[in-house]
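Asks: 1 is the number of the first residue of the sequence shown in UniProt numbering; add one for each residue after it.
Please see the structure below; I have some questions.
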Amino acid sequence: MTIKIGDRLPEGTLTEFIETETEGCSLGPNAFKVSDLVKGKKIALFALPGAFTPTCSAKHVPGYIALADQFKAKGVDEIWCISVNDAFVMGAWGRDQKATGIVRMLGDGSAIFTKALGMEFDLTERNMGVRSQRYSMLVEDGVVKQLNLEAPGKFEVSNAETLLAQLG
């Protein structure tokens, strides 16, 4: 069953490659419980099929980076990019995209969280395994307030401009 507006995000763990060690976060991959990350926050979240892929690298991530200040001005605490990749890949992609400190690049390496959302996309026949569908959502304190799910192969409604416009 696919998550919908009004639903609470399911329990899950996402990983993030931490570049600078701080109290509570060691250098390298760190695992975070989604419920802890969203508590009391407004999150602009977008997900995509894979790191370093053409549309994701040329349009999806750059759009959220370019509009990050406008999201913050509308009360968004964090912007997340989730992909079915490990934290090492997401960290490298974040550095390549110059997303560090702007967009949290979160890995769902085994697609467990993606499957719990009902957002998996099986590309096994194309030798790419299970991936995420392309979507964006606004989450407030763990509850989905907006959801924009792309049709397969499309990039029309999960872009930064659409989600930003939905913030009013």
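Built from N, CA and C at the ideal position, the CB exists for glycine as well.
So, at 8 Å on beta carbons, what are the nonlocal neighbours of Glu16 in its own chain, with the 5 sequence-adjacent residues on each side left out?
Replies: Numbered from its first residue, the sequence shown carries residue 16 at position 16. Residues Pro29, Asn30, Phe32, Ala87, Met90, Gly91, Arg104, Met105, Leu106 and Gly107 of the same chain have their beta carbon placed closer than 8 Å to that of Glu16, with the five preceding and five following residues left out of the count.
Asks: When burial is assigned at 16 or more other CB atoms within 10 Å of the CB, is Ala44 buried or exposed?
Replies: Translated into positions along the sequence shown, residue 44 becomes position 44. Buried is the call here.
Asks: Over the uninterrupted beta strand (DSSP E) stretch that includes Glu19, give me the two end residues.
Replies: As a first step, residue 19 is located in the sequence shown; it is residue number 19 there, counting from the start. Neither: Glu19 is in no beta strand (DSSP E) and is coded neither H nor E.
Asks: Report the three-state DSSP secondary structure of Pro10 (helix, strand or coil).
Replies: For the purposes of this step, residue 10 is taken as the residue at position 10 of the sequence shown. Under the three-state reduction of DSSP, Pro10 is assigned to coil, being neither helix nor strand.
Asks: Report buried or exposed for Val143, applying the criterion of at least 16 other Cβ atoms within 10 angstroms of its Cβ.
Replies: Taking the first residue of the sequence shown as position 1, residue 143 is located at position 143. Counting Cβ neighbours within 10 Å, Val143 comes out exposed, since fewer than 16 surround it.
Asks: On the DSSP letters alone, give me the boundaries of the alpha helix (DSSP H) that Ser110 sits inside.
Replies: Translated into the one-based positions of the sequence shown, residue 110 becomes position 110. No alpha helix (DSSP H) contains Ser110, which DSSP labels as neither H nor E.
Asks: Less than 8 Å between the CB atoms is what I'm expecting for residue 187 and Val84, so what's the real figure, rounded?
Replies: For the chain, the structure presents residues 1 to 168; residue 187 sits outside this window and is missing.
Asks: Any chance you could list the beta strand (DSSP E) runs of at least 3 consecutive residues sitting entirely within the region 33-105, in chain order?
Replies: Entirely contained in the region 33-105, the beta strand (DSSP E) runs reaching 3 residues are, in chain order, 42-48 and 78-83.
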